[in-house]
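What follows is a single structure, written as structure tokens, with notes after it.
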Amino acid sequence: APPAVINPSVLSADFAKLGQECIDTIARGADWLHLDVMDGHFVPNMTFGAPVVAKIRPHVDRPKAAKGKGTFDCHMMVAEPNKWVRDFQKAGCDLYCFHYEAAVTSTAADNPAEHSEARTNPKEMIRFIHEQGMLAGIAIKPETGVDVLWDILDGQAKEEVPDMVLVMTVHPGFGGQKFMASELPKVTALRKKYPDLYIEVDGGLGEGTIDQAADAGANVIVAGSAVFGAKDPTAVITALRESVEK
Ligand code: DX5
Ligand code: ZN
Numbered sequence: 002a003p004p005a006v007i008n009p010s011v012l013s014a015d016f017a018k019l020g021q022e023c024i025d026t027i028a029r030g031a032d033w034l035h036l037d038v039m040d041g042h043f044v045p046n047m048t049f050g051a052p053v054v055a056k057i058r059p060h061v062d063r064p065k066a067a068k069g070k071g072t073f074d075c076h077m078m079v080a081e082p083n084k085w086v087r088d089f090q091k092a093g094c095d096l097y098c099f100h101y102e103a104a105v106t107s108t109a110a111d112n113p114a115e116h117s118e119a120r121t122n123p124k125e126m127i128r129f130i131h132e133q134g135m136l137a138g139i140a141i142k143p144e145t146g147v148d149v150l151w152d153i154l155d156g157q158a159k160e161e162v163p164d165m166v167l168v169m170t171v172h173p174g175f176g177g178q179k180f181m182a183s184e185l186p187k188v189t190a191l192r193k194k195y196p197d198l199y200i201e202v203d204g205g206l207g208e209g210t211i212d213q214a215a216d217a218g219a220n221v222i223v224a225g226s227a228v229f230g231a232k233d234p235t236a237v238i239t240a241l242r243e244s245v246e247k
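The numbering of the sequence shown is the UniProt record's numbering, which starts it at 2 and goes up by one.
Structure, rendered in structure tokens:
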């Protein structure tokens, strides 16, 4: 099974001192940083884009290997993920994770001239992300069945196969929501078919819910409010890791 990856979401950090929050979180034992990008269209909330990612990149050492410590995992909750691939690569993103639902609905026809690299399906998105030198992730919302992923994960062209799948365990848009255990059968089904796949869970993860997610087979654990809201974030990061590794 792939290693445990503890991946705090800076959505719950103090944005007024974001650089220091990132430095501290890595020093407290986090493996990756999860950066929630929201555009007010795909989800009913807005956060930040590539310029902010570029400003925090110099504060956190680039990962020495693919998926290594300091990986910037950009969770793109945006309606047109094809638009931002180049900008995020330049900003220092290591793993560009787009939503399946956005990739199948964003069409080149929306913006034919302006975005000639517009990608209209998940496999082309993954290939495009890989061409830019990043790892590729694909996310599914609670409304989306895991079955849509089989064809993508079983693809023959390895440039079109994702490096990670993100199973949302809340409706995307906000931190601090209640964990949806109803989503865990998706993780179980993925882990059964793909023993080495990086499977990320995001939403409502903390000491009270981690065991269920780990038992289902998740190895990449996003936690926002549980880490940044804690009196002792180091202890929470350690506890999450122990639950995944046990
Ligand atoms: C929700 C975001 C999450 C969020 C998780 O739309 O994708 O990454 O930060 O926050 P918690 O861990 O508080 O549920
Ligand atoms: Zn997220």
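All C-beta atoms, glycine included, are put in the ideal place defined by N, C-alpha and C.
Treat the numbers as computed from the prediction; the structure is a model and nothing was measured.
Residue i CB to nearest heavy atom of the ligand DX5 below 8 Å
| i | result |
| --- | --- |
| residue 259 | This structure cannot speak to residue 259, because the chain is shown only from 2 to 247. |
| residue 213 | no |
| residue 16 | no |
| residue 173 | yes |
| residue 178 | yes |
| residue 244 | no |
Whole-angstrom distance between residue j and residue i, CA atom to CA atom
| i | j | result |
| --- | --- | --- |
| residue 198 | residue 17 | 35 Å |
| residue 56 | residue 158 | 35 Å |
| residue 43 | residue 235 | 33 Å |
| residue 131 | residue 64 | 17 Å |
| residue 8 | residue 76 | 12 Å |
| residue 108 | residue 241 | Reliability fails at residue 108, whose pLDDT of 48 lies under 50, so the model's placement of it is uncertain and the value that follows must be treated cautiously. In a straight line, the C-alpha of residue 108 is about 39 Å away from that of residue 241. |
| residue 215 | residue 243 | 10 Å |
| residue 5 | residue 45 | 31 Å |
| residue 207 | residue 245 | 12 Å |
| residue 72 | residue 188 | 22 Å |
| residue 233 | residue 31 | 13 Å |
| residue 156 | residue 122 | 13 Å |
| residue 220 | residue 247 | 12 Å |
| residue 3 | residue 195 | 10 Å |
| residue 50 | residue 182 | 30 Å |
| residue 213 | residue 180 | 10 Å |
| residue 175 | residue 203 | 11 Å |
| residue 222 | residue 80 | 24 Å |
| residue 20 | residue 84 | 26 Å |
Buried/exposed call for residue i, threshold 16 Cβ in 10 Å
| i | result |
| --- | --- |
| residue 151 | exposed |
| residue 177 | exposed |
| residue 22 | buried |
| residue 1 | Outside the shown range of the chain (2 to 247) lies residue 1, about which nothing can therefore be said. |
| residue 47 | exposed |
| residue 15 | exposed |
| residue 144 | exposed |
| residue 227 | buried |
| residue 41 | exposed |
| residue 66 | exposed |
| residue 59 | exposed |
| residue 28 | exposed |
Proximity below 9 Å, CB of residue i to CB of residue j
| i | j | result |
| --- | --- | --- |
| residue 135 | residue 86 | yes |
| residue 190 | residue 169 | no |
| residue 166 | residue 200 | yes |
| residue 89 | residue 138 | no |
| residue 128 | residue 161 | yes |
| residue 205 | residue 171 | yes |
| residue 186 | residue 147 | yes |
| residue 126 | residue 104 | yes |
| residue 225 | residue 11 | yes |
| residue 149 | residue 97 | no |
| residue 36 | residue 26 | no |
Three-state secondary structure (DSSP) of residue i
| i | result |
| --- | --- |
| residue 131 | helix |
| residue 31 | coil |
| residue 234 | helix |
| residue 155 | coil |
| residue 198 | coil |
| residue 52 | helix |
| residue 37 | strand |
| residue 210 | coil |
| residue 83 | helix |
| residue 165 | strand |
The ligand ZN heavy atom lying under 8 Å from the CB of residue i
| i | result |
| --- | --- |
| residue 12 | yes |
| residue 203 | yes |
| residue 100 | no |
| residue 60 | no |
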